[in-house]
Amino acid sequence: MSLLRVFIALDIPANLQRAIRQNMEGLQTSLGNSVRWVPADKIHLTLKFIGDIPPAHVASLSQAIVQQAGTTSPFDISIGGFGVFPDLRRARVLWVGVQAPAALGALRRGIETGCAQLGYSPDGRPFSPHLTVGRVRDYVSLGEQQRLRKALGETKIDSLGTTRVNSVHLYQSELKPDGSIYTKLFSAPLKSQ
0 MSLLRVFIAL
10 DIPANLQRAI
20 RQNMEGLQTS
30 LGNSVRWVPA
40 DKIHLTLKFI
50 GDIPPAHVAS
60 LSQAIVQQAG
70 TTSPFDISIG
80 GFGVFPDLRR
90 ARVLWVGVQA
100 PAALGALRRG
110 IETGCAQLGY
120 SPDGRPFSPH
130 LTVGRVRDYV
140 SLGEQQRLRK
150 ALGETKIDSL
160 GTTRVNSVHL
170 YQSELKPDGS
180 IYTKLFSAPL
190 KSQ
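Take 0 as the starting number for the sequence shown in numbering that gives the first Met the number 0 and just add one per residue.
Right under this line is the structure:
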């Protein structure tokens with residue numbers, strides 16, 4: 000039986016995905032192949048990466064998502080700011096920031112709890128909402144590292160806009176040589192007003 004690699008996420012509308020990509024163009028030009036860039040249409044806000052599951056577990060995960068989504072009213076998130084994980088000296092992940100109300104943290108905690116009840120390990124790191132826009136490649140020369148640090152340290156992104164969160168999604172991620180393919184397996188609306 001083949002397994003499905005899945006994660007739970009919030010969608011980012013196409014206009015904000017494009018705005019993010021446009022703001023990254025200069026950095027992308029200067030850093031080139033030192034970074035694997037996330038295509039604009041794949042930018043999303045991950046709430047929980049689950050990993051490999053049997054297809055039969057999709058229904059129970061979907062039910063856990065419905066339960067948590069049904070207790071959360073729609074809310075707005077703002078997109079803007081730029082940073083790296085873990086830090087500028089050892090940058091691995093490039094991200095654009097997400098400013099959100101407490102409702103996002105509560106939704107994420109509820110999803111973690113629901114997934115833990117199904118036997119999925121909780122994420123040991125504190126939740127830091129962000130949109131991954133690139134990943135530094137495993138082998139980067141010393142010269143590239145210095146250029147990378149300088150460019151990343153100089154990158155600033157102002158507020159790009161706000162969007163309303165109305166639903167939560169379960170995605171399958173298929174790893175391919177030319178990039179991941181995301182397939183939406185399930186969506187749950189947030190609580191109606």
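Cβ coordinates follow ideal geometry from the N, Cα and C atoms, glycine included.
Nothing here was measured: the structure is a model prediction, and the numbers come from that model.
State whether the segment 118-133 contacts the segment 44-64, with contact taken as three or more CB pairs (one from each stretch) at a distance under 8 Å.
Put simply, the segment 118-133 touches the segment 44-64. At least three CB pairs are less than 8 Å apart.
Where does residue 187 sit, in a helix, a strand or coil, going by DSSP?
Looking up residue 187 in the sequence shown gives position 188. Note: residue 187 maps to strand in three-state DSSP.
Assuming residue 97 contacts residue 44 under a Cβ cut-off of 8 Å, what Cβ separation, rounded to an integer in Å, is found between them?
The sequence position of residue 97 within the sequence shown is 98, counting from 1. The sequence position of residue 44 within the sequence shown is 45, counting from 1. Residue 97 to residue 44, Cβ: 6 Å. Contact.
Between the beta-carbon of residue 79 and the beta-carbon of residue 157, is there less than 8 Å?
Your numbering for residue 79 matches position 80 in the sequence shown. Your numbering for residue 157 matches position 158 in the sequence shown. For residue 79 and residue 157, yes; Cβs fall inside 8 Å.
Buried/exposed call for residue 170, threshold 16 Cβ in 10 Å
For the purposes of this step, residue 170 is identified with residue 171 of the sequence shown, where counting begins at 1. Residue 170 is buried by the Cβ-count criterion.
Residue nearest to residue 136 in terms of C-alpha spacing, selected from 28, 186, 32, 173
In the sequence shown, residue 136 corresponds to position 137, counting from 1. Taking only the C-alpha atoms, the option nearest residue 136 is 32.
Kindly give me the distance between the Cβ atoms of residue 195 and residue 134, rounded to whole angstroms, as I take these residues to be in contact under 8 Å.
Outside the displayed range of the chain (0 to 192) lies residue 195, so it cannot be described from this structure.
Nearest to residue 38 by alpha carbon, out of 131, 155, 150, 161?
Mapped onto the sequence shown, residue 38 falls at position 39. Closest option to residue 38, Cα to Cα, is 131.
Can you give me the C-alpha to C-alpha distance between residue 55 and residue 186, rounded to a whole angstrom?
In the sequence shown, the residue the question calls residue 55 occupies position 56. In the sequence shown, the residue the question calls residue 186 occupies position 187. Rounded to whole angstroms, residue 55 and residue 186 show a C-alpha spacing of 17 Å.
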